[in-house]
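Worksheet for the structure shown next.
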Amino acid sequence: MMRRVLVPVLVVAIADAVMLLSAAANRAGQPDARVTLTSRQLVSAPVSARNSARELRWMNGVDALHGVLFGRLDAGTLTALGFDSRPGTRQLGRRVFAALEVDGARLQIVDAALDAETLRRSHPDRGRYVVARAVAYGDGRIRALLPELVVPRGFVHLLDRPPYTVTLAFGRHYEPWIVAIDPVDTPAVRQ
Amino acid sequence: MDTSEAQARLDRIGAFTGELAALERDGVLSLDEAQRRTLAAYHQRLVSDLTSHFDLDRGEAQRQMSLSMRAAAIVGAVALSASVYLFFYRIWGLLATSVQVSLLIVAPLAGVALTEVASRFDKSRLFVLIAACVAFACIVANVSMIGHIFAMTDSPDALLVWSAFALAIGYAYGLRLAVAGGLVLAIAFLAGRTVAATGGEWSQAGRRPEVWLAIALLLLVAGAVRPTKRWLFASTYRNVGLSVALIALWILSINADLSALRWSETAIKATYQIGGFVLAGCVIMLGLRTDWTEGVYLGALGFIVLLYTKFFQWWWDWMPAYLFFLIVGLVAVGMILVLRRVRALAAVVA
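Heads up: the sequence lines are chains A and B, in that order.
First residue of the first sequence? That's 70 in this note's numbering, and the numbers climb one at a time after it.
First residue of the second sequence? That's 642 in this note's numbering, and the numbers climb one at a time after it.
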């Protein structure tokens, strides 16, 4: 009996330990970036009877399609990312790092590189530029890998009373988490 | 001895008893009373031993019922797995993050315990299959939802976890379906890792069929070179490897844009069409020689799909539709005639 259950139990234990340690490592120490976004940039996803969680979805006007943040890259950046510029080459997308600029109501991809450190050196303002993982394509498109954010229970009641601001931190692994949601014109709620 | 071997022995005993009765009725053979009693006692002891260890079918009616029960078990397993997954989604918003994570960790462990309990009481192993599928749904929910809660970046490593879990459960409880699922996930993981290692985006590994073709062929060879009797899942390795390899060859034979080769479109399509026909033909021959029934079926299916795809590409655009289907029908009739001849030759060799 022990021999039968041991391996699947070990698989669960190792997988969960790795994921939770990774999440903890991401949030340990000083975050790579800390930015405040508005309820126009991070909108509350539609509430569903089948999914009781409340989630925030990335939106940015014309650049956002179904909550996915797209941008465009110039030919020079594409070459720097390792794309072959010759016509007719059958290339897959490449996983890269993107710099997103948070400027007032705007949230857009402004730069990309293979190395996050290089990108951060080019955009050192950690309150204005976010470094996040992205997928670049040979035709110049780039898609930020920013998932929908699950809202902790303590903030959920604020989502039904927009406008609000969302303070996000991006950790060592360039993965975001919600630090605070503050209703506009009312005292802040912090976790 | 596994269930299929026990079932085969029970079937042989039934066939032997029936044939012996027919021979005695026709006066060809007659056992004396002592021999008859010895034989009957031996068979009775053997049948009792086999049926006490395995859930076996005694006759065609029971066999049909077993097939129906297996189909119901698969439907039940899928439905219960979906139910568990959707239940998490229904309730997780009501829970604090620490409770969400705790529940997600405990769920697959409870699934493993349920599978172990089912294996102790269920000789038919249908409930073991259902419990294993529920456990698998729990590990899928575990990895995907913990990743979602902490906004973690996607990676092919999730496929590795699911593959390892499915293989572990499949090997522990002798479940071919779980092993087959684990192998498919392992192919997806290795393809994703290979594409990522070459600078590509891992989630686009589906757009590089050559990568999974190579892995599938390795799996096929691994299943073919190991002796079947000592390795319970050798045929599962062969069937999964062959299926994935044929699908990859078929896709590459119709869409050269997915190839990593820097050849012309015509050269790529022609290469993989020929590759597909050669693989299907070799597998049919190998299957006939080694009693690998699934190999013969899969090879024949692959051959037919490749052939009719080629017909469609050659003729559909310019040929009248009635003539196209006439040719397709005549080819099918021709294949029946060829296969009948092969069947007759096989009977002579046997």
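All residues carry an ideal CB built from backbone N, CA and C; glycine is no exception.
Per DSSP, the bridge partner or partners of residue i
i        : result
A/TRP127 : A/LEU111
A/ASP172 : A/ARG175
B/LEU670 : DSSP, once it has assigned bridges, lists no residue as partnering B/LEU670.
A/TRP246 : A/ALA238
B/PHE952 : According to DSSP, which records beta bridges pairwise, B/PHE952 is partnered with nothing at all.
A/PHE166 : A/ALA182, A/ARG202
A/PRO252 : A/TYR233
A/ARG103 : A/ALA238
A/SER117 : A/ASN120
A/LEU218 : A/LEU125
A/ILE211 : A/GLY140, A/ALA205
Candidates the options, of which the one nearest residue i by Cα
i        : options                                : result
B/ALA886 : B/LEU902, B/ILE828, B/ARG903           : B/ILE828
A/LEU176 : A/MET128, A/PRO100, A/ASP143           : A/MET128
B/VAL852 : B/LEU890, B/LEU818, B/SER876, B/LEU670 : B/LEU890
B/LEU947 : B/ALA805, B/SER693, B/GLY815, B/ALA911 : B/ALA911
A/SER108 : A/PHE166, A/THR187, A/ARG230           : A/ARG230
B/ALA772 : B/TRP843, B/ILE810, B/THR839           : B/ILE810
B/SER765 : B/GLY940, B/PHE729, B/GLY864, B/ASP643 : B/ASP643
A/ALA114 : A/ARG159, A/ASP194, A/PHE139, A/GLU217 : A/GLU217
B/SER671 : B/GLN703, B/ALA754, B/THR658           : B/THR658
A/ALA84  : B/LEU691, B/VAL784, B/GLY734           : B/VAL784
B/PRO749 : B/CYS774, B/VAL836, B/ILE654           : B/CYS774
A/SER91  : A/ALA185, A/HIS242, A/GLY145           : A/HIS242
A/GLY196 : A/PRO100, A/MET88, A/LEU79, A/GLY209   : A/PRO100
A/VAL76  : B/VAL753, B/ILE909, B/ASP932, B/ASP763 : B/VAL753
B/VAL825 : B/PHE806, B/ALA813, B/TRP955           : B/PHE806
B/THR692 : B/GLU674, B/ALA663, B/ARG650           : B/ARG650
B/LEU742 : B/ALA838, B/HIS789, B/ARG761, B/TYR812 : According to the sequence displayed, residue 742 of chain B carries Val and not Leu. Ranking B/ALA838, B/HIS789, B/ARG761, B/TYR812 by Cα distance to B/VAL742 puts B/HIS789 first.
B/GLU701 : B/ARG686, B/LEU883, B/ASP652           : B/ASP652
B/ALA714 : B/ASP763, B/ILE732, B/PHE830, B/TRP933 : B/ASP763
A/VAL80  : B/LEU801, B/ALA865, B/ILE909, B/ALA941 : B/LEU801
B/VAL716 : B/ARG731, B/PHE768, B/GLY815, B/VAL669 : B/PHE768
B/LEU818 : B/VAL979, B/ALA718, B/THR679, B/ARG930 : B/ALA718
B/CYS779 : B/PHE728, B/MET793, B/PHE791, B/ASP798 : B/PHE728
B/PHE791 : A/ASP153, A/ALA82, A/THR187, A/ARG96   : A/ARG96
A/PHE224 : B/ALA855, B/ARG849, B/LEU735, B/GLY815 : B/LEU735
A/SER121 : B/ILE732, B/MET710, B/ARG704           : B/ILE732
A/ASP143 : A/VAL219, A/ALA203, A/ALA181           : A/ALA181
B/MET976 : B/CYS923, B/GLU674, B/PHE944, B/THR950 : B/PHE944
Chain B residues whose Cβ lies nearer than 9 Å to that of residue i
i        : result
A/SER91  : PHE791, MET793
A/GLY151 : GLY840
A/VAL204 : GLU842, SER844, GLN845
Under 9 Å between C-beta atoms of residue i and residue j
i        : j        : result
A/LEU106 : A/LEU237 : yes
B/PHE952 : B/VAL972 : yes
A/VAL235 : A/ASP254 : no
A/ARG222 : B/ALA737 : yes
A/ALA201 : A/LEU169 : yes
A/ARG123 : A/VAL112 : no
A/VAL87  : B/GLU757 : no
B/GLY841 : A/ARG163 : yes
A/VAL104 : A/VAL179 : no
B/ILE895 : B/GLN845 : no
B/GLY822 : B/PHE874 : no
A/ILE211 : A/ARG159 : no
Cross-chain neighbours of residue i in chain A, by beta carbon under 8 Å
i        : result
B/SER900 : ARG159
B/PRO749 : PRO77, VAL81
B/PHE695 : Result: empty, since nearest Cβ-Cβ is about 18 Å, beyond 8 Å.
B/ASN783 : VAL81, ALA84, ASP85
B/ILE892 : Those within 8 Å of B/ILE892 in chain A number zero; the least Cβ separation is about 14 Å.
Cβ-heavy atom distance, residue i to the ligand GDP, below 8 Å
i        : result
A/VAL165 : The ligand GDP is absent from the structure shown, which contains no ligand whatsoever.
Contact set between residue i and chain B, taken where Cβ atoms lie within less than 7 Å
i        : result
A/PRO245 : ALA792
A/ALA122 : TRP733, GLY734
A/VAL219 : HIS789, ILE790
A/ARG119 : LEU727, TYR730, ARG731
A/ARG222 : ALA737
Neighbouring residues, chain B, relative to residue i (Cβ below 8 Å)
i        : result
A/LEU214 : THR794, ASP795
A/GLY162 : GLY841, GLU842, GLN845
A/MET261 : Any answer about residue 261 of chain A is impossible in this case: the structure gives chain A only from 70 up to 260.
Chain A residues whose Cβ lies nearer than 7 Å to that of residue i
i        : result
B/GLU757 : MET70, ARG73, VAL74
B/TYR913 : Within chain A, no residue comes near B/TYR913; the closest Cβ sits about 15 Å away, beyond 7 Å.
B/ALA809 : VAL76, PRO77, VAL80
B/ARG848 : LEU161
List in chain order: all unbroken alpha helix (DSSP H) runs of 4+ residues lying wholly within the segment 712-772 of chain B. With a minimum length of 4 residues, the continuous alpha helix (DSSP H) runs that stay inside the segment 712-772 of chain B are 738-762.
Alpha helix (DSSP H) runs contained entirely in the segment 786-830 of chain B, provided each spans 4 or more residues: For the segment 786-830 of chain B, the full-length alpha helix (DSSP H) segments reaching 4 residues or more read 798-814 along the chain.
Within the segment 843-917 of chain B, ranges of the alpha helix (DSSP H) (whole runs, at least 4 residues): For the segment 843-917 of chain B, whole alpha helix (DSSP H) runs of length 4 or above, ordered along the chain, are 850-866, 875-895.
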